[in-house]
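Read left to right, the sequence shown gives residues 68 to 257 (the numbering used here). No residue lacks a Cβ here, since even glycine has one placed at the ideal position from N, Cα and C. Computed from a predicted model, the values in this text were never measured in an experiment.
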Amino acid sequence: MKCTVCQKFSWEIICQTCQKNLLVPNLHKREVDKDFFVYSFYNHSEISELLNAKYHFFGDKIYNILAKHTLKRFATSFTYSNTVSAIPIDDTVNDNFSHTAILAKNLQSKIIKPYYNVLKATNKVKYAGQTLEFRQKHKRDFKYSGKSFLDVILVDDIITTGLTMLEAREILQQNDCNVLFGVALSDAKF
Ligand SMILES: [Zn+2]
């Protein structure tokens, strides 16, 4: 096949050279609430082209490659005293795959276990391009159907205002889970 970026022959949808040159992660830590942090790896504008509709068909492959350079490495260096559950935020399957489930899968380690299909938005409002005011008015209304008393890492593909992370943390806290922090592939305000 061809590399979607440089069009040269490649075994992967993004060739090794382009992966090495374009996908260098830059760990960023944002405090979204007092002592609650979200780690991200790219400035969203740097990778938005790759996540663009024109590569839609290969979306799952691109997310896997991005996750390999970021969350997978993050997971190998992460240590904790207990087993931690990586919970993808709203991993409903769209276009035959779930962005957040792919990201959570890449966090899997001896300590981190992905925990799928337990945190869903009941309000399917689209936030892209909307104002803070709109986002505050239209909550995701998450429903959690998983176990209580877990140590949790929340997983999302992008952090913009941080409201989604905070709303997800709130519902988990109501279910007696301890949310350690969030991770997102990219940050819109990096
Ligand atoms: Zn290339």
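Pairing R207 with N190 gives a Cβ-Cβ distance under 8 Å. Nearest Cα to N110 within the set F103, D102, F104 and R97: R97.
For D208, no alpha helix (DSSP H) encloses it, and the DSSP letter there is neither H nor E.
Taken from the Cβ of V91, every heavy atom of ligand 1 lies 7 Å or farther away. Using a 10 angstroms sphere on the CB of Q86, the tally of other CB atoms reaches 16 or more, which defines it as buried.
For F216, the secondary structure class from DSSP, reduced to helix, strand or coil, is coil. Across the structure, I154 and I225 are spaced so that their CA atoms are roughly 15 Å apart. If you draw a straight line from the Cα of G249 to the Cα of G126, it comes to about 22 Å.
Under DSSP, Y130 forms no beta bridge with any residue.
For I80, the Cβ stays outside the 7 Å cut-off from all heavy atoms of ligand 1.
Residue pairing by DSSP places P181 opposite A153 in a beta bridge.
By DSSP's assignment, S107 forms a beta bridge with H95 and A251.
Secondary structure of N245 (DSSP, three-state): strand.
The three-state secondary structure of I169, taken from DSSP, is helix.
Collapsing the DSSP output to three states places I238 in a helix.
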